[in-house]
Amino acid sequence: MSKLMPNLDQQSTKVLNLTVLQRIDPYVEEILMTAAHVTFYEFSIEQNRWSRKDVEGSLFVVKRNTQPRFQFIVMNRRSTGMDAEL
């Protein structure tokens, strides 16, 4: 049995993503760019190495109708709730 996958075109996907982002931040007015998957890393100067943070998911660059006018938002899939990293 195959999984049912929604068949959304690019515009429908953008509208759906915008709706979700506006629930988190009502000042979001437009999605400027997206990346399907990103992971955060932190560099330790003392240890001279990168360590993976507990943040990964879809990245959105958004335009807002208040300050700050532009923002990065990551829909964090590694959190237990519906979190966004702003």
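In the numbering used here, the protein residues as written are 1 to 86.
Virtual Cβ for every residue (Gly too), placed ideally from N, Cα, C.
These numbers come from a predicted model, not from an experiment.
Take the Cβ of residue i as the centre, count every other Cβ of all protein chains shown within 10 Å, and call the residue buried at 16 or more, exposed below.
i	result
F60	buried
V15	exposed
L8	exposed
Beta-carbon separation of residue i and residue j under 8 angstroms?
i	j	result
R52	T39	yes
Y27	N65	yes
Starting from residue i, trace the alpha helix (DSSP H) both ways and give me its first and last residue.
i	result
L8	Note, L8: premise wrong, no alpha helix (DSSP H); not H, not E.
Under 8 angstroms by Cβ, that's how I've got residue i and residue j pegged, so tell me the actual separation to the nearest angstrom.
i	j	result
V62	I31	6 angstroms
T34	S58	7 angstroms
To the nearest angstrom, how far is it from the Cα of residue i to the Cα of residue j?
i	j	result
N17	D54	22 angstroms
Q11	S44	40 angstroms
N76	E56	5 angstroms
I24	A36	18 angstroms
M1	Q47	Unreliable placement is indicated for M1, whose pLDDT of 49 sits below 50; the coordinate value is still reported in the next sentence. Near 49 angstroms, if we compare the C-alpha coordinates of Q47 and M1.
I'd like the span of the beta strand (DSSP E) that includes residue i, first residue to last.
i	result
I31	28-44
N65	Looking at the DSSP string, N65 is not in any beta strand (DSSP E), and its letter there is neither H nor E.
Should residue i be listed as close to the ligand MN, given that the test is whether its C-beta is under 7 angstroms from any heavy atom?
i	result
P26	This structure lacks the ligand MN; in fact it carries no ligand of any kind.
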